[in-house]
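Q: First, the structure itself, so that you have it in front of you.
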Amino acid sequence: MKRPRIGVFKFTSCDGCQLSIMNLEEKFLDLLELFDIAYFRETTDRPLTGHFDISIVEGSISTAWQKNDIVDIRERSRYLITIGACATAGGLQALRNWGSITDYKNYIYPSPVIINVLSTSTPISEHVYVDYELWGCPINEKAFSETLISFLIGKKPGIPIYSLCMECKRMGLPCILVSKSEPCLGPVTRAGCGALCPYFQKPCYGCFGPKEDANIESLLKQFQNMGLTQKECILLLDKMNTYAYRKAKIERS
Amino acid sequence: MYDKSIPFEAKIRWIKKETRDTATYAFKITSREIERAYRFIPGQFNMLYMPGIGEAAISISSAPSDHDLTHTIRVAGDVTTAISRLDTGDVLGIRGPFGNGWPLEEIEERDLMIIAGGVGIAPLRSVIRHILNDRTEPRHVKGVRGGKISSPARIILYGSKTPKDIIFRDEFPRYRDAFQTFLTVDKADPEEYWRGDIGLITGMWNKTSFNPLNTVVFMCGPEVMMQSMVKELILKGVPGEKIFISIERNMNCGMGICGHCFFGPKFVCKDGPVFRFTDIEGFLGIKEI
Amino acid sequence: MTITKIKKDHLRLIFDRLKDSYKLVGPRVENDVIVLTEMDFHDIPAGYKDLHGKGVYRLSGNKDSNTFSFSLGPDSFKRFLSPPVREIFAFKKSKKGISANVSSKEEKPTAFIGMRACDISALKLYDKVFLEGPVRDTGYDSLKRNSLIIAVNCLYPNGNCFCDSLGTGPEVRDGFDLAITEIQDSFLLETGSSKGSEILNGLTIEEVSDKEMDEKNSRTEDCKKTIKRHIKVNDLPWVIYRNPEHPRWTDVASRCLACGNCTQVCPTCFCNSSYDRLELSGISKKSREISGNKVRAWDSCFSKNFARVHGGNFRPSRRARYRHWMTHKLAYWIEQFGSPGCVGCGRCITWCPVGIDITEELEAIRK
Chain R
0 MKRPRIGVFK FTSCDGCQLS IMNLEEKFLD LLELFDIAYF RETTDRPLTG HFDISIVEGS
60 ISTAWQKNDI VDIRERSRYL ITIGACATAG GLQALRNWGS ITDYKNYIYP SPVIINVLST
120 STPISEHVYV DYELWGCPIN EKAFSETLIS FLIGKKPGIP IYSLCMECKR MGLPCILVSK
180 SEPCLGPVTR AGCGALCPYF QKPCYGCFGP KEDANIESLL KQFQNMGLTQ KECILLLDKM
240 NTYAYRKAKI ERS
Chain L
24 MYDKSIPFEA KIRWIKKETR DTATYAFKIT SREIERAYRF IPGQFNMLYM PGIGEAAISI
84 SSAPSDHDLT HTIRVAGDVT TAISRLDTGD VLGIRGPFGN GWPLEEIEER DLMIIAGGVG
144 IAPLRSVIRH ILNDRTEPRH VKGVRGGKIS SPARIILYGS KTPKDIIFRD EFPRYRDAFQ
204 TFLTVDKADP EEYWRGDIGL ITGMWNKTSF NPLNTVVFMC GPEVMMQSMV KELILKGVPG
264 EKIFISIERN MNCGMGICGH CFFGPKFVCK DGPVFRFTDI EGFLGIKEI
Chain D
-5 MTITKIKKDH LRLIFDRLKD SYKLVGPRVE NDVIVLTEMD FHDIPAGYKD LHGKGVYRLS
55 GNKDSNTFSF SLGPDSFKRF LSPPVREIFA FKKSKKGISA NVSSKEEKPT AFIGMRACDI
115 SALKLYDKVF LEGPVRDTGY DSLKRNSLII AVNCLYPNGN CFCDSLGTGP EVRDGFDLAI
175 TEIQDSFLLE TGSSKGSEIL NGLTIEEVSD KEMDEKNSRT EDCKKTIKRH IKVNDLPWVI
235 YRNPEHPRWT DVASRCLACG NCTQVCPTCF CNSSYDRLEL SGISKKSREI SGNKVRAWDS
295 CFSKNFARVH GGNFRPSRRA RYRHWMTHKL AYWIEQFGSP GCVGCGRCIT WCPVGIDITE
355 ELEAIRK
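So, in structure tokens, the structure goes:
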């Protein structure tokens, strides 16, 4: 049987998710046995040709030409999976969606005219149809390999969409929101990271994005009862998944 | 006995395509020992297991007295899709049987009305074949309630989307030996020859003859259909205690320890899937129960 | 049942003795919270006091002269009897067929130290689910049978305790091997099984005087009196059944995060999901083999996918999911297993990030 052809593509992002794929280390060899990695600039210089069974896309759409490129990739692919906060939620760079791009340009760059970008940074799903979204900043490599296996054997990936709390409690970590009044985003964030921050007694800052049906309003109200100002609350959401959290917040209220 | 939390292997003996998305699979349990210990009653279900993909709760569509153990499966999710790709001779895992099954003791000396919608006919085929195989059951002629006056009526009402979606269509002529059968479809392609009814199952009342007070109803189908049917049946005078419905919920363990399948206070997997209407009456109308 | 006593500093000897044949699991302070882990005598958070509010927990040390001065942490013993993630079997599908193998490993029996009355009641409910159903859960069965329960009578209930209303505490009545009651100068020991009395063999145990029995009783009474939270149970389950469309459900849904914390800390919540866990190395394309593990993990009825079937979800809204959880706890359980599924430990109140209080919600539904 032929191995499915995989392409890994990148838009505006930090390459961290692609690095996570390479962090599979010896498991990466298992991956190569099952899949033909036909395009992956981070690891090989094979040119971009033909069609792909699965395209894996990292990064957000933030320039005009990227808008065309993603359509091209979609046309070449049977399945398209986005990986990471940038491709799935617009990334940290989506913070500019809440401000004015000219202000940012003038503030940061000595000659702002040469910066040719869109005024927003948006997730891939706002441009083309996406078959599966893998959250995280960066993604969890186990979840990544599970997703590929699922596509290979024909099932929906069993990656949880429930809250981080579930994972945190399974690991036996007491809730730091309750025991230390830490503003932890766990209750509104997807599981999948292995409760990394709560494990080290640090509040979750939401790198896996909003969970299904996230009740952000209610959690922020609790943060305010704990003494945070409204502005501080919003800042908690304004990280790599700002676009997704704010959208979830508006949709719910 | 064998451990019902561990699947055993079964081989597909034959596959019969029923409709475009539904097929009947006959299984042969590989282990002699388990095959001998395996007993079920009509209305029970098995958890069919595709290693790596998962499990699906599928009701048994054959009668215990049948030669083959069959499941009639409509392609819906990952597991059923994977099963649909299997061939004769392939294997899968089975856990079961689970659930309570149809209360067959209720139908002795009473009229039986079987009401099915869509693939809901599968668990009822088990009852139908059970009755057909039972030689003590009186045979009727041409669907009219003939024969001896004292013999109880046996009625099947079956609704499908279109004539092409009728499952076990080839078996219905045989069912007519013992049952008055009424088929109806939601809509029929005018180009296709269809002389049965068009419309809801409830539209077929006037064709049937049964004594409501002496009738037992076995019903399986979409929940909306069953709810409206129950209302109609009760208006007709069928006692609620004699209406049995088989319902569907998310099944994960099949043995009452995972909590997925709750219907109100009932574990559908171990208290059901067949319920006496009056036992769950209070919960049927509640949204998102 | 016999009651004896030991000197306060002899408690250590019991621990030493247990260590030989048991793994000790009990309360210990980790990151300012009392958790249940493997522990030893010196780990007992003696003198610690825990403050419980709605969605608030604080621990402070050296506040009390008693050894068992503290109450409950977030963990319940279900973690050790029905572990959060457990392999059910390893499967392999090859040309030869399908095989499913249960691996059984001999584990050292566990002694559960300091189990309170509410948690003992919760385990009785767990028995009903896992042992008295149509299929006995062998994993739970062997873990439970292999365990020893050292119970402790509560001295100070926390602010969220309401076991008294449900008759599940604060006094330990049965279901233990050894029960400890702390009084001023000594520990009173009740044995509840032969396993329990074996532990005391060879220890210097003394007779209990009438005065000490009185002290035990008065301490229990004092404990009962300090329980401030109550729940009315005489109209259950009907009061909930009558109100499936009560406006309060919508109100609580606006606060509820559906994060599942309450279900994970609840000692009686048992919901779980089984799934196949695969690794890249478990698939071989050439020989068409797939191997992996069937795993059972804790789940929660607050997960959106929990009641999903192909083509629909039976409880898509948060309102329905909260209603289902509370109705199950306080009403369905009564029909299913003969008693409420709540033992009044108050963990769901303390550990709810937004402090939703089940007793308050029930009261509101009544109105």
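Keeping their order, the protein sequence lines are chains R, L and D.
If you read the first sequence in the numbering used here, its first letter stands for residue 0, the second for the next number, and so on.
If you read the second sequence in the numbering used here, its first letter stands for residue 24, the second for the next number, and so on.
If you read the third sequence in the numbering used here, its first letter stands for residue -5, the second for the next number, and so on.
Backbone N, C-alpha and C fix where the C-beta goes; we use that ideal spot for every residue, glycine too.
Where leucine 184 (chain R) and asparagine 25 (chain D) are concerned, what is the direct C-alpha to C-alpha distance, given to the nearest angstrom?
A: What you label residue 184 (chain R) is simply residue 185 of the first sequence in a count that begins at 1. What you label residue 25 (chain D) is simply residue 31 of the third sequence in a count that begins at 1. Taking the straight line from one Cα to the other gives about 19 Å.
Q: Fully enclosed by the segment 119 to 143 of chain L, which beta strand (DSSP E) runs are 3 residues long or longer?
A: You should have 134 to 140.
Q: Express the C-alpha separation of isoleucine 107 (chain D) and valine 337 (chain D) in angstroms, rounding to a whole number.
A: Taking the first residue of the third sequence as position 1, residue 337 (chain D) is located at position 343. Taking the first residue of the third sequence as position 1, residue 107 (chain D) is located at position 113. Between valine 337 (chain D) and isoleucine 107 (chain D), the C-alpha separation is close to 19 Å.
Q: If we ignore side chains and look at the alpha-carbon of each, how far apart do valine 376 (chain D) and leucine 272 (chain D) end up?
A: Because residue 376 (chain D) is not part of the residues shown, which for chain D are -5 to 361, the question remains open.
Q: From what residue to what residue does the beta strand (DSSP E) around threonine 185 (chain D) run?
A: For the purposes of this step, residue 185 (chain D) is taken as residue 191 along the third sequence, with counting starting at 1. Start and end: 180 to 185.
Q: If you draw a straight line from the alpha carbon of proline 68 (chain D) to that of tryptophan 345 (chain D), how long is it in whole angstroms?
A: Taking the third sequence and counting its residues from 1, the one referred to as residue 68 (chain D) is at position 74. Taking the third sequence and counting its residues from 1, the one referred to as residue 345 (chain D) is at position 351. Approximately 7 Å between the Cα atoms of the pair.
Q: Counting only Cβ pairs nearer than 8 Å, list the residues of chain R close to isoleucine 284 (chain D).
A: As a working note, residue 284 (chain D) is residue 290 in the third sequence. Neighbours of isoleucine 284 (chain D) on chain R, chain order: Ile152.
Q: Is it right to say glycine 169 (chain L) is buried, meaning 16 or more other beta carbons lie within 10 angstroms of its own, or is it exposed?
A: Position 146 of the second sequence, counting from 1, holds the residue named residue 169 (chain L). In this predicted model, glycine 169 (chain L) has a pLDDT of only 44, less than 50, meaning its place in the structure is not dependable; the value taken from the coordinates is given anyway. Exposed, since its Cβ has fewer than 16 Cβ neighbours within 10 Å.
Q: Between the C-alpha atoms of isoleucine 249 (chain R) and tyrosine 242 (chain R), what's the straight-line distance to the nearest angstrom?
A: The residue labelled residue 249 (chain R) in the question sits at position 250 within the first sequence. The residue labelled residue 242 (chain R) in the question sits at position 243 within the first sequence. Going by the C-alpha atoms only, they are around 11 Å apart.
Q: Under 8 Å: do the segment 143 to 161 of chain R and the segment 185 to 193 of chain R share three or more Cβ pairs, one atom per stretch?
A: Yes, since at least three Cβ pairs between the segment 143 to 161 of chain R and the segment 185 to 193 of chain R fall closer than 8 Å, the two stretches touch.
Q: Can you check which of these residues, R:Tyr244, R:Glu231, R:Leu227, is closest to glycine 208 (chain R) by C-alpha distance?
A: Stepping through the first sequence from its first residue, residue 208 (chain R) is reached at position 209. Of the listed residues, the one whose Cα sits closest to glycine 208 (chain R) is R:Tyr244.
Q: Is the Cβ-Cβ distance between asparagine 275 (chain L) and arginine 302 (chain D) less than 8 Å?
A: Here residue 275 (chain L) refers to the residue found at position 252 when the second sequence is read from its first residue. Here residue 302 (chain D) refers to the residue found at position 308 when the third sequence is read from its first residue. Not closer than 8 Å, so no.
Q: Taking DSSP as the reference, what is the three-state secondary structure of threonine 238 (chain L)?
A: Numbered from 1 along the second sequence, position 215 holds the residue referred to as residue 238 (chain L). Threonine 238 (chain L) falls in the strand class under three-state DSSP.
Q: Taking just the CA atoms, how far does glutamine 258 (chain D) sit from alanine 81 (chain R)?
A: Position 82 of the first sequence, counting from 1, holds the residue named residue 81 (chain R). Position 264 of the third sequence, counting from 1, holds the residue named residue 258 (chain D). Looking at the sequence provided, one finds threonine at residue 81 (chain R) rather than alanine. Approximately 31 Å, taken between the alpha carbons.
Q: Less than 8 Å between the CB atoms is what I'm expecting for threonine 204 (chain L) and aspartate 134 (chain L), so what's the real figure, rounded?
A: For this step, residue 204 (chain L) is matched to residue 181 along the second sequence. For this step, residue 134 (chain L) is matched to residue 111 along the second sequence. Incorrect: roughly 15 Å between the Cβ atoms, too far for contact.
Q: So, using beta-carbon positions, are threonine 119 (chain R) and asparagine 96 (chain R) closer together than 8 Å?
A: Position 120 of the first sequence, counted from the start, is the residue given in the question as residue 119 (chain R). Position 97 of the first sequence, counted from the start, is the residue given in the question as residue 96 (chain R). Yes. Within cutoff.
Q: Taking the alpha carbon of valine 114 (chain L) as the reference point, which residue from L:Ile280, L:Ser84, L:Gly141, L:Ser54 has its own alpha carbon closest?
A: Position 91 of the second sequence, counted from the first residue, corresponds to residue 114 (chain L). Of the candidates L:Ile280, L:Ser84, L:Gly141, L:Ser54, the one whose C-alpha sits nearest the C-alpha of valine 114 (chain L) is L:Ser54.
Q: Does the segment 87 to 103 of chain R come within contact of the segment 146 to 154 of chain R, defined as at least 3 CB pairs closer than 8 Å?
A: With a cut-off of 8 Å, the segment 146 to 154 of chain R and the segment 87 to 103 of chain R do not count as touching, because too few Cβ pairs lie within range.
Q: Excluding sequence positions up to five away, which residues of its chain have a Cβ less than 6 Å from the Cβ of valine 96 (chain D)?
A: What you label residue 96 (chain D) is simply residue 102 of the third sequence in a count that begins at 1. Closer than 6 Å at Cβ, skipping near neighbours: Phe83.
Q: What did DSSP end up calling leucine 119 (chain D) once you bin it into helix, strand or coil?
A: Translated into positions along the third sequence, residue 119 (chain D) becomes position 125. Helix at leucine 119 (chain D).
Q: Can you give me the Cβ contacts of arginine 309 (chain D) inside the same chain, cut-off strictly under 8 Å, excluding the 5 residues immediately before and after it?
A: Here the question's residue 309 (chain D) lines up with position 315 in the third sequence. Closer than 8 Å at the Cβ level, and outside the excluded window around arginine 309 (chain D), lie Cys295, Phe300, Ala301, Arg315, His318.
Q: Quick check on phenylalanine 296 (chain D) - is its C-beta less than 8 Å from some C-beta in chain L?
A: Residue numbering aside, residue 296 (chain D) sits at position 302 when the third sequence is read from its first letter. No, because no Cβ of chain L sits closer than 8 Å to the Cβ of phenylalanine 296 (chain D).
Q: Leaving aside the five residues before and after leucine 172 (chain R) along the sequence, list all residues of the same chain whose C-beta is less than 8 Å from its C-beta, in chain order.
A: Position 173 of the first sequence holds residue 172 (chain R). Counting only Cβ-Cβ distances below 8 Å, and skipping sequence neighbours, we find Ala194, Pro197, Tyr198.
Q: Can you tell me whether tyrosine 78 (chain R) is helix, strand or coil according to DSSP?
A: Taking the first sequence and counting its residues from 1, the one referred to as residue 78 (chain R) is at position 79. It is a strand residue.
Q: Drop a sphere of 10 angstroms on the beta-carbon of glutamate 215 (chain L), count the other beta-carbons inside from all chains shown, and report buried for 16 or more, exposed for fewer.
A: What you label residue 215 (chain L) is simply residue 192 of the second sequence in a count that begins at 1. Under this definition glutamate 215 (chain L) is an exposed residue.
Q: Report yes or no: do the segment 119 to 130 of chain D and the segment 258 to 268 of chain L share at least 3 C-beta pairs separated by less than 8 Å?
A: Result no; under three Cβ-Cβ pairs closer than 8 Å.
Q: Return the CA-CA distance between glutamine 200 (chain R) and arginine 52 (chain D), expressed in angstroms with no decimal places.
A: Within the first sequence, the letter at position 201 stands for residue 200 (chain R). Within the third sequence, the letter at position 58 stands for residue 52 (chain D). Rounded to whole angstroms, glutamine 200 (chain R) to arginine 52 (chain D) spans 15 Å at the Cα level.
Q: To the nearest whole angstrom, what separates the beta carbons of proline 347 (chain D) and leucine 176 (chain R), a pair I think is in contact under 8 Å?
A: Along the third sequence, read from residue 1 onward, the residue named residue 347 (chain D) stands at position 353. Along the first sequence, read from residue 1 onward, the residue named residue 176 (chain R) stands at position 177. Confirmed, Cβ separation roughly 5 Å.
Q: Does DSSP classify glutamine 330 (chain D) as helix, strand or coil?
A: On the third sequence, position 336 is the one that residue 330 (chain D) refers to. Residue state, collapsed to three classes: helix.
Q: Any idea what DSSP makes of tyrosine 242 (chain R), helix, strand or coil?
A: In the first sequence, residue 242 (chain R) corresponds to position 243, counting from 1. It is helical.
Q: What does a CB cutoff of less than 8 Å around lysine 259 (chain L) pick up in its chain, not counting 5 residues either side in sequence?
A: As a working note, residue 259 (chain L) is residue 236 in the second sequence. If we look at lysine 259 (chain L) and ignore the five residues flanking it on each side, its Cβ neighbours are Trp228, Pro235.
Q: Tell me whether aspartate 28 (chain R) sits in a helix, a strand or coil according to DSSP, three-state version.
A: Here residue 28 (chain R) refers to the residue found at position 29 when the first sequence is read from its first residue. Rather than aspartate, the amino acid found at residue 28 (chain R) in this sequence is leucine. In this structure, leucine 28 (chain R) counts as helix in the three-state DSSP scheme.
Q: Examine chain R for any beta-carbon lying closer than 8 Å to the beta-carbon of threonine 104 (chain L), and answer yes or no.
A: Taking the first residue of the second sequence as position 1, residue 104 (chain L) is located at position 81. It does: the Cβ of threonine 104 (chain L) has a partner Cβ on chain R nearer than 8 Å.
Q: Find out if the Cβ-Cβ distance for the pair aspartate 171 (chain D), leucine 137 (chain D) is shorter than 8 Å.
A: Working through the third sequence from its first residue, we reach residue 171 (chain D) at position 177. Working through the third sequence from its first residue, we reach residue 137 (chain D) at position 143. Cβ atoms of aspartate 171 (chain D) and leucine 137 (chain D): not closer than 8 Å.
Q: What is the rounded straight-line gap between the Cα of isoleucine 81 (chain L) and the Cα of isoleucine 60 (chain R)?
A: Taking the second sequence and counting its residues from 1, one reaches residue 81 (chain L) at position 58. Taking the first sequence and counting its residues from 1, one reaches residue 60 (chain R) at position 61. Their backbone Cα atoms lie some 45 Å apart in a straight line.
Q: Straight-line CA distance for serine 248 (chain D) to leucine 127 (chain L)?
A: What you label residue 248 (chain D) is simply residue 254 of the third sequence in a count that begins at 1. What you label residue 127 (chain L) is simply residue 104 of the second sequence in a count that begins at 1. Each residue's alpha carbon lies about 47 Å from the other.
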